[in-house]
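Numbering (this note's numbering), first residue to last: 74 to 364. Think of the CB as a built atom: it goes at the ideal place given N, C-alpha and C, for glycine as much as any other residue. See below for the structure under consideration.
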Amino acid sequence: MNRWSERMIEAAIRFSGFVSIAFVVMIFLFLLTEGHALFRVTGLTDFLLGRNWHPISTPPQFGILPLLLGSLAVTAGASMMAVPLGIGTAVFIAEVAPKRLAGILKVGVELIAAIPSVVIGFVGMVLVAPVVREFFSLPVGLTAFTGSLMLALMSMPTMVSIAEDAIHAVPRQYKEAALAMGATRWQAIYRVILPAARPGILAAVMLGIGRVVGETMAVMMCTGGAVAIPSTLLQPVRTMTATIAAEMGETVRGSPHYNALFAIGIVLFLITLIINVTADLVIHRGRRDSP
74 MNRWSERMIE AAIRFSGFVS IAFVVMIFLF LLTEGHALFR VTGLTDFLLG RNWHPISTPP
134 QFGILPLLLG SLAVTAGASM MAVPLGIGTA VFIAEVAPKR LAGILKVGVE LIAAIPSVVI
194 GFVGMVLVAP VVREFFSLPV GLTAFTGSLM LALMSMPTMV SIAEDAIHAV PRQYKEAALA
254 MGATRWQAIY RVILPAARPG ILAAVMLGIG RVVGETMAVM MCTGGAVAIP STLLQPVRTM
314 TATIAAEMGE TVRGSPHYNA LFAIGIVLFL ITLIINVTAD LVIHRGRRDS P
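Put into structure tokens, the structure is as follows:
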């Protein structure tokens, strides 16, 4: 490859990076343009901390605290289930399972990732929700816990694939040196391999959480859609993404309700941005600290 080709490739990569940044900025500006008009009707504090979401009442009320806490509850529940299972599965596939079994498991994980979210939501609504209702003796099975179960299933393939790649990227000499010094296989895994793969594992966790935060169809079908502040995961909730999906088609363009849905989109955008920036900082710090 000559120098001219290298410059062309570098220019193409640089152009792609700038285009991606431009698209993100334009999306944020579009959300800001459509959503900022709400704050002429409802103050920012009332919007973020208000407990009532009644967009068609007189006067309308646009408090998203129940929606925000509902999203937080579902995300926290899914993360608590998906993170340990996902990392454990990645370690098992990469370091413990025989090659043939590891290949079968990798195919199975990829097949789970290929299932559409609406199918997962349908399975949760028809099969999982009745089991949750009977097991916990609840009046309804469409709860934050049901949504968390389905979201954990959806986010695990992302975590497993990226975490497994990070573990495979650790030089084999690290493990061989640990074993040569008398460490057992498990000691080599959790004291040498996992710390060395920490940046990639953190990236896997953050991407999985990002998938959970942005998911719409499955949570809309499985969480019950109740606009209420949850005290446990066994209560119906409504998330911000489900609210946008359920109500955007019924709004009048330019109305306060329309602006409120875009304002929710701004909040979701900022939450995702915070997650990604935090992940980037943690990953870069982990790379500096790793051997």
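Out of curiosity, what's the CA-to-CA distance linking residue i and residue j?
{"i": "Ser93", "j": "Glu207", "result": "47 angstroms"}
{"i": "Ala318", "j": "Thr289", "result": "7 angstroms"}
{"i": "Gly324", "j": "Ala202", "result": "It is worth fixing the name first, because residue 324 is Thr in this sequence and not Gly. So the two alpha carbons sit approximately 30 angstroms from each other."}
{"i": "His109", "j": "Ile348", "result": "23 angstroms"}
{"i": "Val310", "j": "Leu215", "result": "9 angstroms"}
{"i": "Val164", "j": "Glu237", "result": "7 angstroms"}
{"i": "Met279", "j": "Met154", "result": "14 angstroms"}
{"i": "Arg173", "j": "Val243", "result": "21 angstroms"}
{"i": "Ala352", "j": "Ile344", "result": "12 angstroms"}
{"i": "Ser190", "j": "Gln260", "result": "38 angstroms"}
{"i": "Val285", "j": "Ile339", "result": "17 angstroms"}
{"i": "Val350", "j": "Pro272", "result": "14 angstroms"}
{"i": "Gly220", "j": "Ala253", "result": "46 angstroms"}
{"i": "Ile302", "j": "Val204", "result": "24 angstroms"}
{"i": "Leu178", "j": "Gly327", "result": "50 angstroms"}
{"i": "Pro132", "j": "Gly116", "result": "14 angstroms"}
Under a Cβ-count criterion, where at least 16 other Cβ atoms within 10 Å of its own Cβ denotes burial, should residue i be classed as buried or exposed?
{"i": "Pro171", "result": "exposed"}
{"i": "Gly287", "result": "exposed"}
{"i": "Glu249", "result": "exposed"}
{"i": "Phe96", "result": "exposed"}
{"i": "Ser304", "result": "exposed"}
{"i": "Thr106", "result": "exposed"}
{"i": "Leu267", "result": "buried"}
{"i": "Thr316", "result": "buried"}
{"i": "Leu222", "result": "buried"}
{"i": "Ser234", "result": "buried"}
{"i": "Trp20", "result": "Nothing can be reported for residue 20, as the shown portion of the chain is limited to 74 through 364."}
{"i": "Ser78", "result": "exposed"}
{"i": "Ala187", "result": "exposed"}
Inspect the beta-carbon positions of residue i and residue j and report whether they are closer than 8 angstroms.
{"i": "Leu224", "j": "Val147", "result": "yes"}
{"i": "Gly123", "j": "Phe135", "result": "yes"}
{"i": "His330", "j": "Pro128", "result": "yes"}
{"i": "Gly161", "j": "Cys295", "result": "no"}
{"i": "Ile262", "j": "Ala239", "result": "no"}
{"i": "Phe342", "j": "Leu142", "result": "no"}
{"i": "Ile137", "j": "Met313", "result": "yes"}
{"i": "Pro157", "j": "Ile185", "result": "no"}
{"i": "Ser152", "j": "Ile282", "result": "yes"}
{"i": "Met81", "j": "Gly159", "result": "no"}
{"i": "Leu334", "j": "Glu320", "result": "yes"}
{"i": "Tyr247", "j": "Ala269", "result": "yes"}
{"i": "Ala291", "j": "Gly181", "result": "no"}
{"i": "Val199", "j": "Gly297", "result": "no"}
{"i": "Phe120", "j": "Ala336", "result": "yes"}
Taking residue i as part of the alpha helix (DSSP H), name the residues at either end of that continuous run.
{"i": "Pro230", "result": "217-241"}
{"i": "Arg326", "result": "Counting along the chain, Arg326 falls outside any alpha helix (DSSP H), and DSSP gives it neither H nor E."}
{"i": "Ala202", "result": "202-209"}
{"i": "Met293", "result": "290-295"}
{"i": "Ala95", "result": "76-108"}
{"i": "Leu122", "result": "117-122"}
With a threshold of 8 angstroms between beta-carbons, can residue i be considered close to chain B, or not?
{"i": "Val97", "result": "Absence of chain B from the displayed structure is noted, only one protein chain being present."}
Unbroken stretches of the alpha helix (DSSP H), 4 residues or longer, contained in the segment 245-275: Entirely contained in the segment 245-275, the alpha helix (DSSP H) runs reaching 4 residues are, in chain order, 245-253, 258-261.
Ranges of the alpha helix (DSSP H) found wholly within the segment 150-204, counting only runs of at least 4: Complete alpha helix (DSSP H) runs here, min 4: 172-186, 190-196.
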